[in-house]
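Engineer:
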Ligand SMILES: Nc1ncnc2c1ncn2[C@@H]1O[C@H](COP(=O)(O)OP(=O)(O)OP(=O)(O)O)[C@@H](O)[C@H]1O
Ligand SMILES: [Mg+2]
């Protein structure tokens with residue numbers, strides 16, 4: 008079996024053995040969801056808010072929570088722990104392609120992300136949140152979010168490889184966090200103030216959010232879906248290329 | 078009869094470039110290690126032992142010079158070398174979230190063994206390092222000695238020709254240290270060449286048949302423990318049989334008096 012898959016299996020096994028690392032990933036985004044909806048649902052009632060397309064405000068907020076959950080990847084933290092602890096060198100002393108060390112960890116983020124997204128969508132279900140695009144829409148959303156989780160984890164792994172420091176990697180993920188909020192997180196992009204709209208338009212996260220949102224609220228809007236997947240695809244290609252380069256050049 | 082050396086290093090140099098300029102950690106180390114023995118690499122803190130080991134084990138680029146390990150050039154065929162060497166580094170780097178058995182099986186799989194072969198080999202090694210009872214517990218809960226022994230076992234999964242051990246007994250209690258020594262001897266008797274670094278001169282005296290002492294990136298003494306002691310006895314009259322400690326202190330220019338004096342300075 009391919010060494011990337013062998014290492015991915017190990018990383019996944021570790022992930023499920025460390026449920027305390029997984030729980031915040033689930034609870035913090037759900038907390039955001041409840042708080043945001045609790046605060047703003049009255050301003051945006053289902054009837055009288057056209058952009059909700061007949062659903063309640065929680066349906067509008069769900070994509071933000073999914074993206075937040077996907078931006079909690081533990082891959083980089085485990086990687087930097089291994090760099091500091093020396094197991095990373097142990098792996099580098101085996102005759103495997105260096106790339107599989109980072110790719111294995113990333114691959115393990117995919118089932119984890121799919122699991123978390125599914126749980127969150129199920130939790131939203133009793134609150135009346137439905138995915139307008141149906142099962143196909145669910146699959147696209149989960150795929151898109153998993154892709155985003157890879158982009159985020161890939162960037163953090165890159166930081167871990169470059170800095171070799173847990174403290175720096177941690178700060179890195181905090182620096183990244185504001186990007187999640189420079190998005191049309193509370194209202195559609197057209198309704199933002201002009202400077203915020205410009206900032207949101209420059210932020211790649213916006214397009215991921217709009218894709219998940221359009222599948223949830225409106226069905227299949229292919230132009231929007233295409234933009235979201237393009238952003239994730241380009242982001243993924245870039246982070247993977249940079250990570251593989253960084254691990255190959257690690258000295 | 079001439080045999081090809083297990084390790085042949087020629088004028089190895091390593092320069093680290095950091096924020097505050099360059100550090101020449103290894104400044105031209107040449108070594109020749111015969112197959113079948115236990116070679117001890119001694120030196121004070123910061124002498125360049127780990128740096129040399131990391132270059133010989135493909136973990137770090139060689140600034141200049143050349144290294145051939147198990148007959149293969151380290152720089153031009155690192156994977157070839159990795160297949161023939163076992164490495165246990167100073168930090169005993171282990172994945173604490175796995176069990177001992179999982180770690181060994183994973184190691185086997187990374188050396189291209191089938192799942193069944195890796196499982197069999199893991200069982201053998203757990204037996205060898207006396208960890209069978211702890212095999213299915215997370216490594217997190219292992220003692221320092223158990224971690225060392227597991228690390229040693231993981232370096233042996235693919236039956237390497239040359240085994241590198243960077244300070245294999247640092248931080249171990251005397252009993253655990255003797256357990257590791259016995260294991261190293263057994264591994265060596267089974268035909269593996271061992272290259273080990275150590276801070277403990279007694280360890281070197283007990284285990285090694287050849288030694289090199291490195292200080293400030295340069296090799297300053299080389300030979301069998303007995304030859305090094307004889308050389309010192311012929312040169313300096315200590316009024317007793319010199320020990321390896323005397324050889325070490327003489328070689329590194331840290332006489333007992335001066336070492337005592339430095340301690341004094343720190344205290345006052
Ligand atoms: N990554 C690095 N960057 C810069 N300098 C380094 C690096 N690693 C080691 N050094 C320096 O190189 C020199 C040799 O270090 P090395 O770790 O090889 O010594 P050592 O003999 O193994 O010491 P010890 O007995 O403490 O393990 C030291 O001066 C150390 O500070
Ligand atoms: Mg060292």
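Chains as they are written, first to last, in the working numbering: chain A, 8 to 258; chain B, 78 to 345. Beta carbons are placed, not taken as given, at the ideal position from N, Cα and C, and that holds for glycine.
Using a Cβ-Cβ cutoff of less than 6 Å, which residues in the same chain neighbour residue 338 of chain B once the five nearest sequence positions on both sides are dropped?
Structural biologist: For this step, residue 338 of chain B is matched to residue 261 along the second chain. With a pLDDT of 44 at residue 338 of chain B, under the threshold of 50, the modelled position of this residue cannot be trusted; read the value that follows with caution. Hits under 6 Å: none found.
Engineer: Report all residues for which the CB-ligand distance to some heavy atom of ligand 2 is below 7 Å; order them along the chain.
Structural biologist: Cβ atoms closer than 7 Å to ligand 2 belong to B:126, B:127, B:167, B:243, B:244, B:274.
Engineer: If you draw a straight line from the C-alpha of residue 105 of chain A to the C-alpha of residue 227 of chain B, how long is it?
Structural biologist: Position 98 of the first chain, counted from the start, is the residue given in the question as residue 105 of chain A. Position 150 of the second chain, counted from the start, is the residue given in the question as residue 227 of chain B. Taking the straight line from one Cα to the other gives about 23 Å.
Engineer: Roughly how many angstroms separate the alpha carbons of residue 262 of chain B and residue 181 of chain A, rounded to a whole number?
Structural biologist: Translated into positions along the second chain, residue 262 of chain B becomes position 185. Translated into positions along the first chain, residue 181 of chain A becomes position 174. Approximately 50 Å, taken between the alpha carbons.
Engineer: So, with DSSP's three-state summary, where would you put residue 145 of chain B?
Structural biologist: Counting from 1 along the second chain, the entry for residue 145 of chain B is found at position 68. Three-state result, residue 145 of chain B: strand.
Engineer: For residue 258 of chain A and chain B, any beta-carbon pair shorter than 9 Å?
Structural biologist: Taking the first residue of the first chain as position 1, residue 258 of chain A is located at position 251. Taking Cβ atoms only, chain B reaches closer than 9 Å to residue 258 of chain A, which makes this a yes.
Engineer: What are the boundary residues of the beta strand (DSSP E) that residue 241 of chain B is part of?
Structural biologist: In the second chain, residue 241 of chain B corresponds to position 164, counting from 1. Element bounds for residue 241 of chain B: 239-243.
Engineer: Below 8 Å, how does it come out for the segment 45-60 of chain A and the segment 108-125 of chain A: are there three or more Cβ pairs, yes or no?
Structural biologist: Segments in contact, no.
Engineer: In angstroms with no decimal places, state the Cα-to-Cα distance between residue 91 of chain B and residue 213 of chain A.
Structural biologist: Residue 91 of chain B sits at position 14 when you count from the first residue of the second chain. Residue 213 of chain A sits at position 206 when you count from the first residue of the first chain. Answer to the nearest angstrom: the Cα atoms are 47 Å apart.
Engineer: For chain B, check one thing: does any of its Cβ atoms lie closer than 9 Å to the Cβ of residue 77 of chain A?
Structural biologist: As a working mapping, residue 77 of chain A is identified with position 70 in the first chain. No, residue 77 of chain A does not count as interfacial toward chain B.
Engineer: Can you look up residue 189 of chain A in the DSSP assignment and give me helix, strand or coil?
Structural biologist: The residue you call residue 189 of chain A lines up with position 182 of the first chain. Here residue 189 of chain A sits in coil by DSSP.
Engineer: Is there at least one Cβ from chain A nearer than 9 Å to residue 156 of chain B's Cβ?
Structural biologist: Along the second chain, one-based indexing puts residue 156 of chain B at 79. Chain A, which has a Cβ nearer than 9 Å to the Cβ of residue 156 of chain B, makes this yes.
Engineer: Which same chain residues end up closer than 8 Å to residue 135 of chain A when comparing Cβ atoms and leaving out the 5 residues on each side of it in sequence?
Structural biologist: By 1-based counting over the first chain, the position of residue 135 of chain A is 128. Around residue 135 of chain A: 62, 63, 65, 66.
Engineer: Does the segment 291-308 of chain B touch the segment 101-109 of chain B, meaning 3 or more C-beta pairs lie closer than 8 Å?
Structural biologist: Because the criterion of three Cβ pairs below 8 Å is met, the segment 101-109 of chain B and the segment 291-308 of chain B touch.
Engineer: Classify residue 140 of chain B as helix, strand or coil using the three-state DSSP reduction.
Structural biologist: Along the second chain, one-based indexing puts residue 140 of chain B at 63. If DSSP states are grouped into helix, strand and coil, residue 140 of chain B belongs with coil.
Engineer: Can you list, in chain order, the residues of its chain with a C-beta nearer than 6 Å to that of residue 166 of chain A? Leave out the 5 residues immediately preceding and following it.
Structural biologist: Translated into positions along the first chain, residue 166 of chain A becomes position 159. Around residue 166 of chain A: 176, 179.
Engineer: Looking only at its chain, what residues have a beta carbon closer than 6 Å to the beta carbon of residue 221 of chain A, apart from the 5 residues adjacent to it on each side?
Structural biologist: Numbered from 1 along the first chain, position 214 holds the residue referred to as residue 221 of chain A. Cβ neighbours of residue 221 of chain A beyond the five flanking positions: 228, 231.
Engineer: Give every residue of the same chain whose Cβ lies closer than 7 Å to the Cβ of residue 210 of chain A, excluding the five residues on either side of it in the sequence, and list them in chain order.
Structural biologist: Locating residue 210 of chain A in the first chain gives position 203, where the first residue counts as 1. Cβ neighbours of residue 210 of chain A beyond the five flanking positions: 186, 189, 190.
Engineer: Quick check: what's the CA-CA separation for residue 11 of chain A versus residue 328 of chain B?
Structural biologist: Working through the first chain from its first residue, we reach residue 11 of chain A at position 4. Working through the second chain from its first residue, we reach residue 328 of chain B at position 251. Spanning the two alpha carbons is a distance of roughly 48 Å.
Engineer: Can you pull the chain A residues whose beta carbon is under 9 Å from the beta carbon of residue 222 of chain B, in chain order?
Structural biologist: As a working note, residue 222 of chain B is residue 145 in the second chain. Result: empty, since nearest Cβ-Cβ is about 17 Å, beyond 9 Å.
Engineer: When the Cα of residue 36 of chain B is compared with those of B:84, B:115, B:215, which residue comes out closest?
Structural biologist: No answer is possible for residue 36 of chain B: the residues shown for chain B start at 78 and end at 345.
Engineer: Starting from residue 289 of chain B, follow the beta strand (DSSP E) in both directions and report where the run begins and ends.
Structural biologist: Counting from one through the second chain, the residue named residue 289 of chain B turns up at place 212. Per DSSP, residue 289 of chain B belongs to the beta strand (DSSP E) from 287-292.
Engineer: For the segment 86-118 of chain A, which residues have a CB atom closer than 8 Å to at least one CB atom of chain B, in sequence order?
Structural biologist: Against chain B - using a Cβ distance shorter than 8 Å - the residues of the segment 86-118 of chain A are 89, 92, 93, 94, 95, 96, 97, 98, 99, 100, 101, 102, 103.
Engineer: Would you list the one or two residues that DSSP bridges to residue 85 of chain B?
Structural biologist: Here residue 85 of chain B refers to the residue found at position 8 when the second chain is read from its first residue. Beta-bridge pairing links residue 85 of chain B to B:109, B:145.
Engineer: Is the segment 179-189 of chain B touching the segment 257-277 of chain B, taking contact as three or more C-beta pairs under 8 Å?
Structural biologist: At 8 Å Cβ cutoff, the stretches do not touch.
Engineer: Against chain A, does residue 218 of chain B count as a neighbour if the rule is that its beta carbon must be under 9 Å from one of theirs?
Structural biologist: Residue mapping note: residue 218 of chain B aligns to position 141 of the second chain, counting from 1. Judged by the 9 Å Cβ criterion, residue 218 of chain B is not in contact with chain A.
Engineer: Under the criterion of a Cβ to heavy atom distance below 8 Å, does residue 129 of chain B qualify as lining ligand 1?
Structural biologist: By 1-based counting over the second chain, the position of residue 129 of chain B is 52. Yes, the beta carbon of residue 129 of chain B sits closer than 8 Å to at least one heavy atom of ligand 1.
Engineer: Indicate whether at least one CB of chain A lies closer than 9 Å to the CB of residue 170 of chain B.
Structural biologist: Position 93 of the second chain, counting from 1, holds the residue named residue 170 of chain B. Yes - at least one Cβ of chain A is within 9 Å of the one on residue 170 of chain B.
Engineer: Can the beta-carbon of residue 157 of chain A be found closer than 9 Å to that of residue 117 of chain A?
Structural biologist: On the first chain, residue 157 of chain A is found 150 positions in, with the first residue counted as 1. On the first chain, residue 117 of chain A is found 110 positions in, with the first residue counted as 1. Yes.
Engineer: So if I threshold CB-CB distances at 9 Å, which residues from the segment 121-151 of chain B count as touching chain A?
Structural biologist: Those residues of the segment 121-151 of chain B that come within reach of chain A (Cβ to Cβ, closer than 9 Å) are 131, 134, 135, 136, 137, 138.
Engineer: Can the beta-carbon of residue 202 of chain B be found closer than 9 Å to that of residue 234 of chain B?
Structural biologist: The residue you call residue 202 of chain B lines up with position 125 of the second chain. The residue you call residue 234 of chain B lines up with position 157 of the second chain. Cβ distance < 9 Å, so residue 202 of chain B and residue 234 of chain B count as in contact.
Engineer: Just to confirm, are residue 23 of chain A and residue 29 of chain A a CB contact at a threshold of 9 Å?
Structural biologist: Taking the first chain and counting its residues from 1, the one referred to as residue 23 of chain A is at position 16. Taking the first chain and counting its residues from 1, the one referred to as residue 29 of chain A is at position 22. In this structure, residue 29 of chain A lies closer than 9 Å to residue 23 of chain A by Cβ.
Engineer: What residue does the beta strand (DSSP E) around residue 297 of chain B start on, and which one ends it?
Structural biologist: By one-based count along the second chain, residue 297 of chain B stands at place 220. Counting along the chain, the beta strand (DSSP E) containing residue 297 of chain B begins and ends at 295-300.
Engineer: Once the 5 residues before and after residue 36 of chain A are set aside, which same chain residues still bring their CB inside 6 Å of it?
Structural biologist: Along the first chain, read from residue 1 onward, the residue named residue 36 of chain A stands at position 29. Hits under 6 Å: 72, 75, 76.
Engineer: Should the segment 217-225 of chain B be called in touch with the segment 248-261 of chain B, which here means at least 3 C-beta pairs below 8 Å?
Structural biologist: Enough Cβ pairs lie closer than 8 Å, so yes.
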